[in-house]
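Chemist: Just passing along the structure, written as C-alpha cells.
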Amino acid sequence: GDQVEQSPSALSLHEGTGSALRCNFTTTMRAVQWFQQNSRGSLINLFYLASGTKENGRLKSTFNSKESYSTLHIRDAQLEDSGTYFCAASNTGNYKYVFGAGTRLKVIA
Amino acid sequence: GGIITQTPKFLIGQEGQKLTLKCQQNFNHDTMYWYRQDSGKGLRLIYYSITENDLQKGDLSEGYDASREKKSSFSLTVTSAQKNEMAVFLCASSRAQYEQYFGPGTRLTVL
Numbered sequence: 005g006d007q008v009e010q011s012p013s014a015l016s017l018h019e020g021t022g023s024a025l026r027c028n029f030t031t032t033m034r035a036v037q038w039f040q041q042n043s044r045g046s047l048i049n050l051f052y053l054a055s056g057t058k059e060n061g062r063l064k065s066t067f068n069s070k071e072s073y074s075t076l077h078i079r080d081a082q083l084e085d086s087g088t089y090f091c092a093a094s095n096t097g098n099y100k101y102v103f104g105a106g107t108r109l110k111v112i113a
Numbered sequence: 450g451g452i453i454t455q456t457p458k459f460l461i462g463q464e465g466q467k468l469t470l471k472c473q474q475n476f477n478h479d480t481m482y483w484y485r486q487d488s489g490k491g492l493r494l495i496y497y498s499i500t501e502n503d504l505q506k507g508d509l510s511e512g513y514d515a516s517r518e519k520k521s522s523f524s525l526t527v528t529s530a531q532k533n534e535m536a537v538f539l540c541a542s543s544r545a546q547y548e549q550y551f552g553p554g555t556r557l558t559v560l
C-alpha cells in the first residue's frame with residue numbers, strides 16, 4: 005500500500021535554532037497535512053497543502069508532488085514547539101490519508 | 450469554526466466485551482474518519498465515511514464495526530475487546546477529501 009516515510013524519528017533543538025522535518029512518499033500524492041501532537045495528545049493542524057509552499061509564523065511547509073516529498077521547517081524553536089509532528093498524505097481521487105510514524109521533537113532551553 | 454466531540458474520554462472494558470465509541474462534529478462536514486493510535490506510533494485508519502450511511506474500510510477494520518447514523522455523527526464499535534489492549538481512538542472530519550480536523554480522542558484500556 006501507500007507508504008509515508010518520515011524523518012528524522014527524533015530531534016533535539018536548542019531554543020532559537022531551527023531544523024527541517026521531511027516526509028517521503030512511495031507514490032504520487034495529491035495533498036499533505038502536517039500536525040503537531042501535544043503532550044495531551046491533541047492533534048493541532050499546522051498546514052494543508054495541495055502544492056507549493058505555505059508559511060505561518062516560524063513554520064514553513066513545502067509539498068513537491070512530482071518528487072514525492074514534503075518538508076516542514078521550524079525556525080527560532082521555542083519550548084512550546086516540543087511534541088510529535090506527523091505528516092499525512094492522500095493520493096489522487098482518494099479520501100484516505102496515510103500517516104507517517106512521526107518526528108519526536110524536544111526543544112531544550 | 451467548529452468542534453469535534455468524542456465520548457467517552459476514557460473507556461475501560463473487559464476482555465471479550467463489545468464497546469462503542471461516539472463522535473459528533475458541528476462543522477457540517479461530509480466525511481468522517483476513525484483512527485487508532487498505539488503508544489508512540491502513528492495513526493492507522495480503521496473506517497471512514499464520505500457521506501451519511503456510507504462506510505468504507507480502512508487498513509485496520511478487522512475487529513471493528515462502524516455506523517454513520519447521520520451527517521454529524523459517526524460511531525465505532527470494538528466487537529470483542531482484547532485483553533491488555535491500550536490505545537487512543539481518534540475521530541476526524543473533513544469537507545470532502547480536504548483538510549481533516551481531529552477530536553480529542555478516547556483512551557481505551559482493556560483489563
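If you read the sequences in order, they're chains A and B.
For the first sequence, counting from 1, position 2 maps to 6 in our numbering; every step adds exactly one.
For the second sequence, counting from 1, position 65 maps to 514 in our numbering; every step adds exactly one.
Every residue, glycine too, gets a C-beta built ideally from N, C-alpha and C.
Listing by chain order, which chain A residues have their CB less than 7 Å from the CB of residue 499 of chain B?
Modeler: By Cβ distance, chain A contributes 99.
Chemist: For residue 108 of chain A, which residues in the same chain have their Cβ closer than 6 Å to its Cβ, ignoring the five residues on either side in sequence?
Modeler: Taken in chain order, the residues that qualify are 14 and 88.
Chemist: Along the segment 28-49 of chain A, where does the CB come closer than 9 Å to a CB of chain B? Name the residues.
Modeler: From the segment 28-49 of chain A, only 34, 35, 37, 39, 41, 44, 45, 46, 47, 48 and 49 have a Cβ closer than 9 Å to chain B.
Chemist: Looking only at its own chain, which residues have a Cβ that is under 6 Å from the Cβ of residue 454 of chain B, when we skip the five neighbours before and after it?
Modeler: If we look at residue 454 of chain B and ignore the five residues flanking it on each side, its Cβ neighbours are 473.
Chemist: Which two residues bound the contiguous beta strand (DSSP E) that contains residue 49 of chain A?
Modeler: Segment 47-53, the beta strand (DSSP E) holding residue 49 of chain A.
Chemist: Might you give, ordered along the chain, the residues of its own chain that have their beta carbon closer than 6 Å to the beta carbon of residue 500 of chain B, omitting 5 neighbours on each side?
Modeler: The residues are 479.
Chemist: Look at the Cβ atom of residue 56 of chain A, then the Cβ atom of residue 554 of chain B, and state whether they are nearer than 8 Å.
Modeler: For residue 56 of chain A and residue 554 of chain B, no; Cβs fall outside 8 Å.
Chemist: Please decide whether residue 104 of chain A counts as near chain B, where near means a Cβ-Cβ distance under 8 Å.
Modeler: Yes, its Cβ sits closer than 8 Å to a Cβ of chain B.
Chemist: Could you tell me the alpha carbon to alpha carbon distance between residue 520 of chain B and residue 556 of chain B, rounded to whole angstroms?
Modeler: In a straight line, the C-alpha of residue 520 of chain B is about 24 Å away from that of residue 556 of chain B.
Chemist: Going by C-alpha to C-alpha distance, which of A/111, A/91, A/110 and A/61 sits closest to residue 490 of chain B?
Modeler: The shortest C-alpha separation from residue 490 of chain B is found at A/91.
Chemist: Which residues, in order along the segment 70-97 of chain A, keep a beta-carbon less than 7 Å from a beta-carbon of chain B?
Modeler: The residues in question are 90 and 94.
Chemist: Is there contact between the segment 523-539 of chain B and the segment 27-37 of chain A, where contact requires at least three CB pairs shorter than 8 Å?
Modeler: Flag = no, the segment 523-539 of chain B and the segment 27-37 of chain A do not touch.
Chemist: Among A/113, A/53, A/93 and A/66, which residue has its Cα nearest to the Cα of residue 493 of chain B?
Modeler: Considering only alpha carbons, the answer is A/93.
Chemist: What residues match up with residue 469 of chain B in a beta bridge as DSSP calls it?
Modeler: Residue 469 of chain B pairs with B/526.
Chemist: Mind listing, in chain order, the continuous beta strand (DSSP E) runs of no fewer than 3 residues lying wholly within the segment 31-99 of chain A?
Modeler: Segments of the beta strand (DSSP E) lying fully in the segment 31-99 of chain A: 33-41, 47-53, 56-60, 63-68, 73-78 and 87-95.
Chemist: Can you pull the chain A neighbours of residue 519 of chain B, defined as C-beta to C-beta under 8 Å?
Modeler: Chain A residues near residue 519 of chain B: none, gap ~19 Å exceeds 8 Å.
Chemist: Kindly list the residues whose CB is nearer than 8 Å to the CB of residue 12 of chain A, restricted to its own chain and excluding five residues on each side of it in sequence; keep chain order.
Modeler: Within the same chain, residue 12 of chain A has close Cβ partners 25 and 107.
Chemist: Below 8 Å on the Cβ atoms is my contact criterion, and I expect residue 81 of chain A with residue 19 of chain A to pass it. Report the Cβ-Cβ distance as a whole number of Å.
Modeler: So it is a contact: roughly 6 Å between Cβ atoms.
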